[in-house]
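**Student:** Residue numbers (the numbering used here), protein chains in the order written: chain A, 1 to 120; chain B, 121 to 240.
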DNA sequence: CTATTATGTATAAGAATCTTATGTATATTT
DNA sequence: AAATATACATAAGATTCTTATACATAATAG
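1. Using a 10 Å radius around the Cβ and a threshold of 16 neighbouring Cβ atoms, would you call residue 90/A buried or exposed?
2. In the DSSP assignment, what are the bridge partners of residue 205/B?
3. How long is the line joining the alpha carbons of residue 109/A and residue 100/A, rounded to whole angstroms?
4. With H, G and I counted as helix, E and B as strand and the rest as coil, what does DSSP make of residue 195/B?
5. Are the CB atoms of residue 62/A and residue 73/A nearer to each other than 8 Å?
6. For the candidate residues 70/A, 10/A and 34/A, whose alpha-carbon lies nearest to that of residue 48/A?
7. Any beta carbon from chain B within less than 8 Å of residue 71/A's own beta carbon?
8. Could you check the C-alpha separation between residue 1/A and residue 234/B for me, to the nearest Å?
9. For chain B, find out if any of its Cβ atoms is closer than 8 Å to the Cβ of residue 12/A; answer yes or no.
10. Hey, could you find the ends of the alpha helix (DSSP H) residue 38/A is sitting in?
11. Please list, in chain order, the residues of the segment 92–104 of chain A that have any C-beta partner in chain B closer than 7 Å.
12. Excluding sequence positions up to five away, which residues of its chain have a Cβ less than 8 Å from the Cβ of residue 241/B?
13. Spell out a yes or no on whether the segment 44–58 of chain A and the segment 169–179 of chain B are touching, meaning 3 or more CB-CB pairs, one atom from each, closer than 8 Å.
14. For the segment 138–162 of chain B, which residues have a beta carbon sitting closer than 8 Å to at least one beta carbon of chain A?
15. Report the neighbours of residue 90/A on chain B: residues whose CB is nearer than 7 Å to its CB, in chain order.
16. Alpha carbon to alpha carbon, how far is residue 148/B from residue 204/B?
Set out below in structure tokens:
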């Protein structure tokens with residue numbers, strides 16, 4: 001019964017980007033555990049994106065089930081940690097997803113920031 | 121019984137961005153009808169993002185119900201068109217959403233393209 | 001010292017958004 | 001004459017997320 005009310009309400013825009021974020025962070029850091037990922041994301045985005053456990057853990061389990069992540073359990077200070085890292089398949093898939101993300105960002109910028117109409 | 125198979129499977133990344141896209145296009149073009157929006161988006165993204173009717177029409181109806189869009193029916197060539205435009209509230213809300221989108225893009229770039237670690 | 005907060009994982013119920021599949025109808029092109 | 005393009009609409013199911021719990025230990029605050 002800890003877990004104080006944390007009203008986060010991330011922008012809907014982040015919906016669908018969690019898997020890509022997880023995989024990119026794992027690529028970058030080698031291995032990470034769930035709680036560490038939430039803290040890292042919060043730090044990088046200066047508190048703007050707060051990944052909830054209810055979203056994170058199912059996502060990690062799914063990526064593992066799909067063979068994109070490997071898990072390795074450690075016990076630190078008597079507390080359990082599940083370290084995740086990309087499998088080889090995961091590394092290949094990560095390349096695709098980052099490429100998709102670049103396309104996505106480029107397309108969103110085209111939509112929102114159209115090249116100005118030329119005046120004659 | 122037309123409707124040829126159109127397998128689109130947009131990247132999950134676009135999930136959550138439809139409302140923002142709609143409102144931005146309406147701000148830019150004054151008024152648009154549904155089908156026009158799908159074609160415009162396809163053109164701008166060079167075919168990479170294909171908005172489905174099953175997503176678009178419910179989204180338009182919801183934005184209208186929320187008071188962000190106004191609708192105006194016209195008949196062109198004996199075919200119905202429902203033109204949508206931003207209400208005043210919608211214009212204000214659009215500013216917020218575009219600002220959220222900028223933050224989102226910035227954050228995603230930070231996550232994916234971190235500033236290189238300095239070496240000493 | 002005891003209550004809260006931080007660290008750490010997990011799942012279930014429900015909301016929100018989207019894909020896929022239809023349905024209806026007219027205009028245009030093949 | 002048939003297929004495609006234009007134009008709207010909704011329902012079923014999938015996916016992803018929020019919110020609310022649950023359990024457990026370590027560290028900090030009052």
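Note that beta-carbon positions come from the ideal geometry of N, C-alpha and C, so glycine has one too.
**Tutor:** Taking the geometry as given:
1. Taking the first chain and counting its residues from 1, the one referred to as residue 90/A is at position 90. So residue 90/A counts as buried.
2. For this step, residue 205/B is matched to residue 85 along the second chain. 190/B, per the DSSP bridge assignment.
3. Taking the first residue of the first chain as 1, we reach residue 109/A at position 109. Taking the first residue of the first chain as 1, we reach residue 100/A at position 100. Going by the C-alpha atoms only, they are around 14 Å apart.
4. As a working mapping, residue 195/B is identified with position 75 in the second chain. Strand, per DSSP.
5. For the purposes of this step, residue 62/A is taken as residue 62 along the first chain, with counting starting at 1. For the purposes of this step, residue 73/A is taken as residue 73 along the first chain, with counting starting at 1. In this structure, residue 73/A does not lie closer than 8 Å to residue 62/A by Cβ.
6. One-based indexing of the first chain puts residue 48/A at position 48. Comparing Cα positions, the closest option is 10/A.
7. Here residue 71/A corresponds to residue number 71 of the first chain, with the count starting at 1. So, not an interface residue.
8. What you label residue 1/A is simply residue 1 of the first chain in a count that begins at 1. What you label residue 234/B is simply residue 114 of the second chain in a count that begins at 1. Any reading at residue 1/A is ruled out, since the residue's pLDDT is 45, under 50, leaving its predicted position unreliable.
9. Your numbering for residue 12/A matches position 12 in the first chain. With 8 Å as the cut-off, residue 12/A counts as an interface residue toward chain B.
10. Here residue 38/A is taken as the residue at index 38 of the first chain, counted from 1. First-last of the alpha helix (DSSP H) with residue 38/A: 34–44.
11. 98, 100, 101, 103 and 104
12. There is no way to answer for residue 241/B, as the model of chain B reaches only from 121 to 240.
13. no
14. 139, 140, 141, 144, 145, 148 and 161
15. Walking along the first chain from the start, residue 90/A turns up at place 90. Result: empty, since nearest Cβ-Cβ is about 16 Å, beyond 7 Å.
16. For the purposes of this step, residue 148/B is taken as the residue at position 28 of the second chain. For the purposes of this step, residue 204/B is taken as the residue at position 84 of the second chain. Spanning the two alpha carbons is a distance of roughly 12 Å.
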